[in-house]
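Reviewing the structure listed below.
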Amino acid sequence: MKTESTTHASDTSIDRAILDAVVSAYLKSPAGPEIPEWIGKSYTELEAQGPKHDTIHILESIQNTCARELARLKRLRNEDLSPIHRLPPEIFLKIIVLSIDWTWWTVEQLRVVASVSVFWRDAILSYNRLWSPIDVMASAEARRVAMKRNPAGPIDVWCWNVPSLTTFESYMKDLDDIQGDRRPLSVLHDCRQEHSRFQEWMRSHNADIVDLFLANMDLEPAAAYVELPEGGLDLKHIDLFGIGLPWDSSRLGNLRMISLRAFRHNIPRLDQLYNMLSSSTRLELLCLTDIVLPEEGSIGSLPAEAKPISLPYIETIALQDVPIAIPASLVPLLRAPMCRTIVIDGQGDDRALLEPVQATMDLITESLAPSKKLTLSVLGGDQPHVHILSEPVIRSPQQWVYWAHERPGVDVKLALPSPDVLTWLWSQISRALEGRDGSPILKTLAVQLPESELESSFPFPFS
Numbered sequence: 003m004k005t006e007s008t009t010h011a012s013d014t015s016i017d018r019a020i021l022d023a024v025v026s027a028y029l030k031s032p033a034g035p036e037i038p039e040w041i042g043k044s045y046t047e048l049e050a051q052g053p054k055h056d057t058i059h060i061l062e063s064i065q066n067t068c069a070r071e072l073a074r075l076k077r078l079r080n081e082d083l084s085p086i087h088r089l090p091p092e093i094f095l096k097i098i099v100l101s102i103d104w105t106w107w108t109v110e111q112l113r114v115v116a117s118v119s120v121f122w123r124d125a126i127l128s129y130n131r132l133w134s135p136i137d138v139m140a141s142a143e144a145r146r147v148a149m150k151r152n153p154a155g156p157i158d159v160w161c162w163n164v165p166s167l168t169t170f171e172s173y174m175k176d177l178d179d180i181q182g183d184r185r186p187l188s189v190l191h192d193c194r195q196e197h198s199r200f201q202e203w204m205r206s207h208n209a210d211i212v213d214l215f216l217a218n219m220d221l222e223p224a225a226a227y228v229e230l231p232e233g234g235l236d237l238k239h240i241d242l243f244g245i246g247l248p249w250d251s252s253r254l255g256n257l258r259m260i261s262l263r264a265f266r267h268n269i270p271r272l273d274q275l276y277n278m279l280s281s282s283t284r285l286e287l288l289c290l291t292d293i294v295l296p297e298e299g300s301i302g303s304l305p306a307e308a309k310p311i312s313l314p315y316i317e318t319i320a321l322q323d324v325p326i327a328i329p330a331s332l333v334p335l336l337r338a339p340m341c342r343t344i345v346i347d348g349q350g351d352d353r354a355l356l357e358p359v360q361a362t363m364d365l366i367t368e369s370l371a372p373s374k375k376l377t378l379s380v381l382g383g384d385q386p387h388v389h390i391l392s393e394p395v396i397r398s399p400q401q402w403v404y405w406a407h408e409r410p411g412v413d414v415k416l417a418l419p420s421p422d423v424l425t426w427l428w429s430q431i432s433r434a435l436e437g438r439d440g441s442p443i444l445k446t447l448a449v450q451l452p453e454s455e456l457e458s459s460f461p462f463p464f465s
């Protein structure tokens, strides 16, 4: 029967044998120290004859080798257990970027994500796009880390909220220290009079700006305007809260997102909106909200022969609380087969009633296809119309459009010049609700009719 002392002696003997074999092999390898008299020595001999610091150095080198090999084997194991680890790093990083809610992103949160595994850490540390935000409300240390990890890539410059004077001055010093030529800039800024120094910095880097997220907090109309010098980079995303641009600029000809909110001055004319949309074939989102023309103001008109606007990638169209001329002129021209969210409304009590033409119906039915709940309300009175509502969700006024999450659906009103139009309208809607494979997605359908002879003759083909 083995005693505790004999078991301990046996373990020590095994440990010694392992050390002798490992150290001897290490000293014979090209990685071992080039000391001829040590070659072929065992650990026991080395411990007895060699200097202690040399022995420690050898053991630490072996330990580091084992740690690297252990990390490699763990990565291989993770690849077997988790499919995401088998993705090429560039695809994995795209997934990470699209999964992050950048609205409240911080360096500390990025560190947490990087701690998932060695693969995640190495990928995240190497990808400068994840370290792009330079945020005035972040700590100076966090900004230094971001600038160190992203020495030459695109930069997201966030100057928002109401930072203290000390914080703002520290932030401006960091911006002045940014190096690099023609680095694409994304600028998010709450425009205030006391931040004129930042606005001057923005003007000096105007040619490099590709994204503009600007909110007018207290600027006068004449100051609520940003020039776009020719020769600069094309803008991709604009989300402007009462801040005007030169709407004829060639830099607005390749946009991915357009959001204009709370405009009372510097409002683009219809022909300028038409030109921006026509040239931005990769547009993904169009939101015009709370646009009020000044007294005696005019938004202009489009020629009768205006060509259709092809937007094959757009997913969201929202025209809310805007002059009726905007949806009446633009919506019939839009060709948007991928649109899934469409909200159209006029200003105040003025309903934005769309004409029931085929092009407009095509736009609506594409957005109806994924609906699970639908309400159809037929209203009479001096402006007979049908209200089509499938509960879409558009981001709240407080959200910047780039980080918003919409829910597919339709909220539009179609004019009914005569009851006969209903037959055509229902056939269009019923065909959309059949689903692409013939299986309807719709779960709930509510129909509301006026109390008139229209109710008795209402053709209802849905089953």
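Residue numbers (the numbering used here): 3 to 465. Cβ atoms here follow ideal geometry from the backbone N, Cα and C, with glycine treated the same way. Remember, predicted model here, so these are calculated numbers, not experimental data.
> Where does residue 417 sit, in a helix, a strand or coil, going by DSSP?
Replying inline: For residue 417, the secondary structure class from DSSP, reduced to helix, strand or coil, is strand.
> Would you call the CB atoms of residue 293 and residue 324 closer than 7 Å?
Replying inline: Yes. Within cutoff.
>> Contact defined as beta carbons within less than 8 Å: I believe residue 236 pairs with residue 253. What is the distance between those atoms, to the nearest angstrom?
In response: Contact between residue 236 and residue 253 holds, since their C-beta atoms are separated by about 5 Å, short of 8 Å.
> Can you tell which of 70, 315, 121 has the C-alpha that lies nearest to the C-alpha of residue 92?
Replying inline: For residue 92, the closest alpha carbon among the candidates 70, 315, 121 is that of 121.
> If you draw a straight line from the alpha carbon of residue 289 to that of residue 78, how long is it in whole angstroms?
Replying inline: For residue 289 and residue 78, the distance between alpha carbons rounds to 47 Å.
> Using 8 Å as the Cβ pair cut-off and three pairs as the minimum, do the stretch 274-283 and the stretch 223-232 touch?
Replying inline: The stretch 274-283 and the stretch 223-232 do not touch, with fewer than 3 CB-CB distances between them shorter than 8 Å.
> Looking only at C-alpha atoms, which of 219, 247, 239 sits nearest to residue 232?
Replying inline: Residue 232 has its Cα closest to that of 247, out of 219, 247, 239.
>> Could you compute how far the alpha carbon of residue 28 sits from the alpha carbon of residue 119?
In response: Taking the Cα positions, residue 28 is about 29 Å away from residue 119.
>> As a quick exercise: from 220, 391, 192, 230, pick the residue whose alpha carbon is nearest that of residue 212.
In response: Per the C-alpha coordinates, the member of 220, 391, 192, 230 positioned closest to residue 212 is 230.
> So residue 278 packs on residue 316, CB below 8 Å; how close in whole Å?
Replying inline: The Cβ separation is near 13 Å, so there is no contact.
> The alpha helix (DSSP H) spanning residue 116 covers which residue range?
Replying inline: First-last of the alpha helix (DSSP H) with residue 116: 109-116.
> How about residue 395 and residue 408: do their beta carbons lie closer than 7 Å?
Replying inline: Residue 408 is positioned such that its CB atom lies closer than 7 Å to that of residue 395.
> Who does residue 375 pair with in a DSSP beta bridge?
Replying inline: Beta-bridge pairing links residue 375 to 446.
> So what's residue 180 in DSSP terms, helix, strand or just coil?
Replying inline: Note: residue 180 maps to coil in three-state DSSP.
> Given residue 23, which residues of its chain have a CB within under 6 Å of its CB, disregarding the five upstream and five downstream residues?
Replying inline: Cβ-Cβ distances below 6 Å link residue 23 to nothing in the same chain once the five nearest sequence neighbours on each side are left out.
> So what does DSSP say about residue 318, is it helix, strand or coil?
Replying inline: In this structure, residue 318 counts as strand in the three-state DSSP scheme.
>> Among the candidates 242, 140, 116, whose CA atom is the shortest distance from the CA of residue 216?
In response: Distance from the Cα of residue 216 is smallest, within the candidate group 242, 140, 116, for 242.
> Considering only the beta carbon of each residue, do residue 392 and residue 414 sit closer than 7 Å?
Replying inline: Against a cut-off of 7 Å, the Cβ pair of residue 414 and residue 392 comes out as no contact.
> If you drop the 5 nearest sequence neighbours on each side, which residues of the same chain put their C-beta closer than 6 Å to that of residue 145?
Replying inline: Here residue 145 has 136, 176 as same chain residues with Cβ atoms under 6 Å from its own Cβ, once five neighbours each way along the sequence are excluded.
>> Could you compute how far the alpha carbon of residue 373 sits from the alpha carbon of residue 410?
In response: For residue 373 and residue 410, the distance between alpha carbons rounds to 7 Å.
>> Run through the DSSP bridge pairs and tell me what residue 135 is partnered with.
In response: Residue 135 pairs with 158.
> CA-CA distance, residue 363 and residue 76?
Replying inline: When rounded, the separation of the alpha-carbon atoms in residue 363 and residue 76 is 56 Å.
>> Taking only three categories from DSSP, how would you classify residue 173?
In response: Residue 173: helix per DSSP, three-state reduction.
> By how many angstroms is the C-alpha of residue 189 removed from the C-alpha of residue 115?
Replying inline: When rounded, the distance between both Cα atoms is 25 Å.
> Just the Cα atoms here: how many angstroms apart are residue 66 and residue 72?
Replying inline: Rounded to the nearest angstrom, the two C-alpha atoms are 10 Å apart.
> Using the C-alpha atoms, what's the distance from residue 258 back to residue 97?
Replying inline: Just so you know, the alpha carbons of residue 97 and residue 258 end up roughly 20 Å apart.
> What distance in whole Å lies between the Cβ atoms of residue 355 and residue 417, which are believed to be in contact at a cut-off of 8 Å?
Replying inline: Correct: roughly 4 Å between the Cβ atoms.
> Alpha carbon to alpha carbon, how far is residue 85 from residue 94?
Replying inline: Separation of residue 85 and residue 94 (C-alpha to C-alpha, rounded to the nearest whole angstrom) is 11 Å.
> Relative to the alpha-carbon of residue 384, which residue among 68, 63, 420, 148 has its alpha-carbon at the smallest distance?
Replying inline: Considering only alpha carbons, the answer is 420.
>> Please report the distance separating the alpha-carbon of residue 18 from that of residue 160.
In response: The alpha-carbon atoms of residue 18 and residue 160 are separated by roughly 60 Å.
>> I believe residue 318 touches residue 343 by the beta-carbon criterion, under 8 Å. Please report the beta-carbon distance rounded to the nearest angstrom.
In response: Yes, they are in contact, since the Cβ atoms of residue 318 and residue 343 sit about 4 Å apart, within 8 Å.
>> Which residue wins for smallest C-alpha separation from residue 100, given the options 322, 74, 163, 131?
In response: Closest option to residue 100, Cα to Cα, is 131.
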